[in-house]
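Working notes for the structure below.
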Amino acid sequence: MSESTAYKVIGTRPIRHDGLDKVTGRAIYGADVQMVGLLYGKILRSPHAHARIRKIDTSRALALPGVKAVTTHQDLPSLDDKIADLGEAVVNMRYMSNNILAEGKVLYKGHAVAAVAATSPHIAEEALALIDVEYEVLPPVMDVLDAMNERAPLVLEDLKTSSIGQKGDRPSNVASHFQHKLGDPEKGFAEADVVIDREFHTATVHQGYIEPHNATALYSPDGHLTVWCSTQGAFAVRSQLAEILQMPIATVKVVPPALGGGFGGTMTY
Amino acid sequence: MSRVHVQARINGEETEFLCEPRQSLLEVLRDVLMLTGSKEGCNNGNCGACNVILDGRLVNSCLVLGVEAQGKDIQTIEGLATPDRLHPLQQQFLEHAALQCGICTPGFIVAAKALLDKNPHPTEPQVRHWLAGNLCRCTGYDKIVRAVLSAADAVRDGR
Ligand code: FES
Ligand code: FES
Chain A
1 MSESTAYKVI
11 GTRPIRHDGL
21 DKVTGRAIYG
31 ADVQMVGLLY
41 GKILRSPHAH
51 ARIRKIDTSR
61 ALALPGVKAV
71 TTHQDLPSLD
81 DKIADLGEAV
91 VNMRYMSNNI
101 LAEGKVLYKG
111 HAVAAVAATS
121 PHIAEEALAL
131 IDVEYEVLPP
141 VMDVLDAMNE
151 RAPLVLEDLK
161 TSSIGQKGDR
171 PSNVASHFQH
181 KLGDPEKGFA
191 EADVVIDREF
201 HTATVHQGYI
211 EPHNATALYS
221 PDGHLTVWCS
231 TQGAFAVRSQ
241 LAEILQMPIA
251 TVKVVPPALG
261 GGFGGTMTY
Chain U
270 MSRVHVQARI
280 NGEETEFLCE
290 PRQSLLEVLR
300 DVLMLTGSKE
310 GCNNGNCGAC
320 NVILDGRLVN
330 SCLVLGVEAQ
340 GKDIQTIEGL
350 ATPDRLHPLQ
360 QQFLEHAALQ
370 CGICTPGFIV
380 AAKALLDKNP
390 HPTEPQVRHW
400 LAGNLCRCTG
410 YDKIVRAVLS
420 AADAVRDGR
């Protein structure tokens, strides 16, 4: 390349536009959003892998000074089955709503059961211990192969397998069955010199970004909701919020502040 | 819970605040004093995003109680730059692209500052060893180490 060739971009070391704010600590991430009257939330999670929720009594938690609200699934609008496209996956909004706060049953250890808003995170945490949940513990399914067994306990009691466009007639833990087919695998195996048949088990993994999930919400008496949250998919969050809260989408605004990593794992938070 | 009156020097300013005995220094910095440059990554001493310098010592502010700041000198990321120039570490982090999402950056820069305060000419292994308490999931560590080494050179050359 001749000395005189000067490119605008190639060969330069530009400094990132958000760099100054990030090296000085000025960049605002989700958890840095501050406002007057801010409340802190904590979530009570299920200690059981599978249980029916008989009763949730929030009265002792609500009586704790500093606690402003305790919510359970009863506070969410009940949704019909509706399949929504999340960009990388599709989801039934009713299941998503039940995942946010369990309705009727807890489906895994750690499933959110109730949420507290209080004037400090410590008070919110104390309040969690004052929520009385009565569970009827059910046999869990701990393994994907066990779950597929016809006699396995049903996790979602109304779920029927959708298999290549057809709905099954009986409830099952298998949500869907799909096939990708190319050529004739049987023939290929028959002709192969070596066939290796193994079963592999891996742990569940999730992207390891440094920033914890967070959200700050402002609900105005005029029915508008603004949410600041660390998300890679502000529009997906907006449409899901509108759906789950049954609010017109034009009244929901999602503001994604600086994001502390994500790698695809924070599409919907 | 009744609050305790605490006096400390924060980024060179005499500061007073009220905090509950159970609040961590990180909570006090972020939620009481609005110094949100110190980040919470883990709240258990693993990630170093909350690093501050307390009486010359590098600490994870999530593991220090706010009341322990009484009478102490605290430096946070907000105190590094002057009105007219960035600290050489901040400048070199920018020039070496030593950050991406940036959530770990305040912690790394404060940790590196504590190193350069003690040892103005660290070797590369010394830098790597010192920064072992800070996690970055985006950038990798190489650019960060280079930024720290060249900041040390910049300080030496009076840049
Ligand atoms: S937040 Fe303090 S070490 Fe991670
Ligand atoms: S730049 Fe994202 S964690 Fe370090």
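Those sequence lines, one after another, are chains A and U.
First residue of the first sequence: 1, per the working numbering; consecutive thereafter.
First residue of the second sequence: 270, per the working numbering; consecutive thereafter.
The beta carbon of each residue, even a glycine, is placed where N, CA and C say it ideally should be.
These numbers come from a predicted model, not from an experiment.
* Inter-residue Cα distance where the pair is A/Thr161 and A/Asp169 -> 8 Å
* Asked: Is U/Ile322 close to chain A, meaning its C-beta is less than 8 Å from at least one C-beta of that chain?
  -> U/Ile322 does not count as touching chain A.
* Asked: Start and end of the beta strand (DSSP E) containing U/Phe377?
  -> Counting along the chain, U/Phe377 falls outside any beta strand (DSSP E), though it belongs to the alpha helix (DSSP H) covering 374 to 387.
* **Buried or exposed (CB count within 10 angstroms, at least 16 for buried), A/Asp81** => exposed
* For A/Lys22 and chain U, any beta-carbon pair shorter than 8 Å? -> Interface residue, yes.
* Would you say the stretch 151 to 167 of chain A touches the stretch 69 to 80 of chain A, given that touching needs at least three Cβ pairs under 8 Å? -> no
* Verify whether the separation of the beta carbon atoms of A/Leu225 and A/Val252 is less than 8 Å. => yes
* **Sheet register partners of A/Glu134 (DSSP bridge)** => Residue pairing by DSSP places A/Glu134 opposite A/Lys55 in a beta bridge.
* **For A/His213 and A/Lys42, the rounded distance between their alpha carbons** => 12 Å
* In angstroms, rounded to a whole number, what distance separates the CA positions of U/Ala338 and U/Val297? -> 10 Å
* To do: Answer yes or no: does any C-beta atom of chain U fall closer than 8 Å to that of A/Leu245?
  => no
* To do: Would you list, in chain order, the members of the stretch 41 to 59 of chain A that have their beta-carbon closer than 7 Å to a beta-carbon of chain U?
  => Here the close residues number zero.
* **For A/Arg238, three-class secondary structure by DSSP** => For A/Arg238, the secondary structure class from DSSP, reduced to helix, strand or coil, is helix.
* Asked: Is the closest heavy atom of ligand 1 to the C-beta of U/Ala381 under 7 Å?
  -> No.
* To do: To the nearest angstrom, report how far apart U/Gly427 and U/Asn312 are at their CA atoms.
  => 37 Å
* For A/Ala217, the three-state DSSP class (helix, strand or coil) -> In this structure, A/Ala217 counts as strand in the three-state DSSP scheme.
* Asked: Does the Cβ-Cβ distance between U/Cys370 and A/Gly261 come in under 8 Å?
  -> yes
* **CA nearest to the CA of A/Glu126, picked from A/Ala61, A/Lys105, A/Ala203, A/Ala102** => Nearest option by C-alpha distance: A/Ala61.
* Please check if any C-beta of chain A sits within less than 8 Å of the C-beta of U/Ala318. => Cβ-Cβ to chain A under 8 Å: yes for U/Ala318.
* Taking any heavy atom of ligand 1 as the mark, which residues have a C-beta closer than 6 Å to it, listed down the chain? -> U/Glu309, U/Gly310, U/Cys311, U/Asn312, U/Gly314, U/Asn315, U/Cys316, U/Gly317, U/Ala318, U/Cys319, U/Asn329, U/Cys331
* So which residues on chain U does A/Ile83 lean against when the C-beta distance must stay under 8 Å? -> The premise fails here: A/Ile83 is roughly 32 Å from chain U at the closest Cβ pair, so nothing lies under 8 Å.
* Starting from the Cα of U/Lys382, find the closest Cα among U/Arg291, U/Gly314, U/Gln344 and give me that residue. => U/Gln344
* With contact counted as at least three CB pairs below 8 Å, one residue from each stretch, are the stretch 281 to 289 of chain U and the stretch 241 to 256 of chain A in contact? -> no
* Alpha carbon to alpha carbon, how far is A/His111 from A/Glu103? Give it in angstroms, no decimals. => Approximately 10 Å, taken between the alpha carbons.
* What are the boundary residues of the alpha helix (DSSP H) that A/Ala190 is part of? -> 185 to 191
* **Proximal residues, the stretch 209 to 233 of chain A versus chain U, C-beta separation under 8 Å** => Tyr209, Ile210, Glu211, Pro212
* Min CB distance U/Gly314 to chain A below 8 Å -> no
* Beta-carbon proximity check, A/Val137 vs A/Asn173, cutoff 8 Å -> no
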